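Below: the structure, in structure tokens.
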Amino acid sequence: METVIDGLHKIAVPTPFLVGRVNVYLVEGPTLTLVDTGPNSGTSLDSLDRSVTSLGFDLDDIGEVVLTHQHVDHVGLARIVANRSGAPVTMPAALGPYLADWNHSADLDDEMAASVMKTNGLDGRVTQAVKQVARAYRAFGATVDAGRLISDGDSITIGSIEMTAYSRPGHSPTDTIFVCDETGLMIGGDHLLPKVSSNPVLSRVMASDGNTDTLERFQSLPAYIESLKKTREMTLGTVLPGHGDAFDDHVKLIDERLAMTDDRMEKMLASLSDGPLTALEVAGHIWGAVAAAQPFLTFSEVIGHMDILKEQNLVEETSPDNQGVIRFIQL
Ligand SMILES: [Zn+2]
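Heads up: the sequence shown begins at 402 in this note's numbering, then just goes up one per residue.
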């Protein structure tokens with residue numbers, strides 16, 4: 402726990418995930434507001450509860466919950482906190498229909514991810530195993546009803562801070578940042594993280610019009626780069642990220658992330674110089690054994706970079722072979 406500025410407290414809630422703790426922010430004001438919640442687990446709830454209490458409040462005092470994006474480490478406890486406190490849950494518009502039926506949304510997410518991994522070279526049995534792991538993680542999320550739905554450019558008061566919400570799709574389709582109009586203080590979710598790159602993970606397209614049943618894949622990395630460039634142009638103060646410590650100088654960090662993407666893109670392009678490869682094989686070139694151990698993340702990376710290389714006409718996809726597997730060719 403750490404008071405970042407007067408009346409704004411960071412609580413690092415434990416998660417069972419590789420990323421470690423997730424930061425949620427308790428912001429004092431006429432309406433005590435909690436930004437993000439932690440995953441749906443007893444350990445996380447207990448930790449959140451104790452932190453809120455030691456700050457002199459009670460979970461029941463929370464008057465509004467605000468969510469930054471769709472990932473379970475950020476939204477999983479929203480229902481329990483909302484039920485206990487009666488607080489409405491404010492969220493990005495596209496998140497409303499998605500969280501209205503978490504189990505159904507997660508079914509479709511898993512189905513899309515499995516089909517992408519299979520067509521990109523992952524063995525059917527491994528794909529099934531990955532799907533089962535995803536299913537086990539599902540319990541860390543939960544259905545929750547939306548209160549207010551927010552869109553790009555909307556004003557929002559968080560605690561006593563007047564902020565503006567900006568859509569920054571990429572890391573996930575629903576990523577939203579909140580920026581204080583006066584000081585440039587940004588509550589950023591996972592849009593920009595100080596220690597780790599915000600993997601733009603395989604996701605389905607999310608439509609705020611309520612059509613959430615599509616299995617169409619969201620072009621996460623191209624969207625992420627566009628979003629980073631938008632944020633780079635902003636005058637910001639301190640950034641409060643979803644994981645890790647607060648930081649200043651967002652421009653420097655964004656430039657590092659953009660350079661890293663260019664570097665990876667070059668490596669992946671070079672891996673194709675000896676002939677067509679599947680995404681799985683490209684991942685093997687770049688990450689070796691990690692590619693097999695972390696297929697979801699490494700696939701997300703390779704497919705994201707291939708989306709950009711295809712956009713730049715540097716790479717093309719083959720049509721599926723008799724196994725239904727596609728390969729990438731350098732042009
Ligand atoms: Zn996330």
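Cβ coordinates follow ideal geometry from the N, Cα and C atoms, glycine included. Predicted model, so just to flag it, every value in this text is computed and none were measured.
- Message: Any heavy atom of ligand 1 inside 7 Å of the beta-carbon of H735?
- Response: As displayed, the chain neither begins before 402 nor continues past 732, which places residue 735 out of reach and without an answer.
- Are the beta-carbon atoms belonging to K711 and E702 less than 8 Å from one another? Counted from its first residue, the sequence shown places residue 711 at position 310. Counted from its first residue, the sequence shown places residue 702 at position 301. Taking a C-beta distance under 8 Å as the contact criterion, K711 and E702 do not qualify as a contact pair.
- Query: So, G439 versus L478, is the Cβ gap smaller than 8 Å?
  - Reply: Translated into positions along the sequence shown, residue 439 becomes position 38. Translated into positions along the sequence shown, residue 478 becomes position 77. Closer than 8 Å, so yes.
- Three-state secondary structure assigned by DSSP to A515: As a first step, residue 515 is located in the sequence shown; it is residue number 114 there, counting from the start. In this structure, A515 counts as helix in the three-state DSSP scheme.
- Item | Segment limits, alpha helix (DSSP H) that includes E717 | Translated into positions along the sequence shown, residue 717 becomes position 316. Looking at the DSSP string, E717 is not in any alpha helix (DSSP H); the run it does join, the beta strand (DSSP E), is 716-718.
- Segment contact flag, the stretch 444-451 with the stretch 413-420, C-beta cutoff 8 Å, min 3 pairs: Touching, yes.
- Message: Please return the same chain residues whose Cβ sits closer than 6 Å to the Cβ of S672, not counting the five positions on each side in sequence.
- Response: As a working mapping, residue 672 is identified with position 271 in the sequence shown. The answer, listed in chain order, is V683, H686.
- Give the C-beta separation of S568 and D553 to the nearest angstrom, bearing in mind that I take them to be a contact with Cβ-Cβ under 8 Å. One-based indexing of the sequence shown puts residue 568 at position 167. One-based indexing of the sequence shown puts residue 553 at position 152. 4 Å between Cβ atoms; contact.
- By Cβ distance below 8 Å, which residues in the same chain neighbour V531 in space, the five residues on each side in sequence not counted? Here the question's residue 531 lines up with position 130 in the sequence shown. Hits under 8 Å: A514, A515, M518, L523, P696, F697.
- Residue range of the alpha helix (DSSP H) that E712 falls in? By 1-based counting over the sequence shown, the position of residue 712 is 311. Per DSSP, E712 is one residue of the alpha helix (DSSP H) stretching across 696-712.
- With distances taken from each beta carbon to the nearest heavy atom of ligand 1, which residues come in below 5 Å, in chain order? Those residues, listed in chain order, are H472, D591.
- Task: Taking P431 as part of the alpha helix (DSSP H), name the residues at either end of that continuous run.
- Result: Here residue 431 corresponds to residue number 30 of the sequence shown, with the count starting at 1. Unbroken run through P431: none, as it is neither H nor E.
- Task: Take L654 as the anchor and find which of V640, E667, I727, R665 has the nearest alpha-carbon.
- Result: Looking up residue 654 in the sequence shown gives position 253. Of the listed residues, the one whose Cα sits closest to L654 is V640.
- Determine the extent of the beta strand (DSSP E) in which K411 is found, giving its start and end residues. Residue 411 sits at position 10 when you count from the first residue of the sequence shown. Annotation for K411: the continuous beta strand (DSSP E) segment containing it runs 409-414.
- S561 versus G689: straight-line alpha-carbon distance, rounded: What you label residue 561 is simply residue 160 of the sequence shown in a count that begins at 1. What you label residue 689 is simply residue 288 of the sequence shown in a count that begins at 1. The straight-line gap from Cα to Cα measures roughly 49 Å.
- Message: For Q620, count the other beta carbons within 10 Å of its own beta carbon; 16 or more makes it buried, fewer makes it exposed. Which is it?
- Response: Position 219 of the sequence shown, counting from 1, holds the residue named residue 620. Within a 10 Å sphere around the beta-carbon of Q620 sit 16 or more other beta-carbons, which makes this residue buried.
- Between A501 and A547, what straight-line distance do the alpha-carbon atoms span, to the nearest angstrom? Mapped onto the sequence shown, residue 501 falls at position 100. Mapped onto the sequence shown, residue 547 falls at position 146. About 7 Å.
- Message: Considering only the alpha carbon of each residue, which of A566, Y625, V482 lies closest to T544?
- Response: Looking up residue 544 in the sequence shown gives position 143. That would be V482, whose Cα lies nearest to the Cα of T544.
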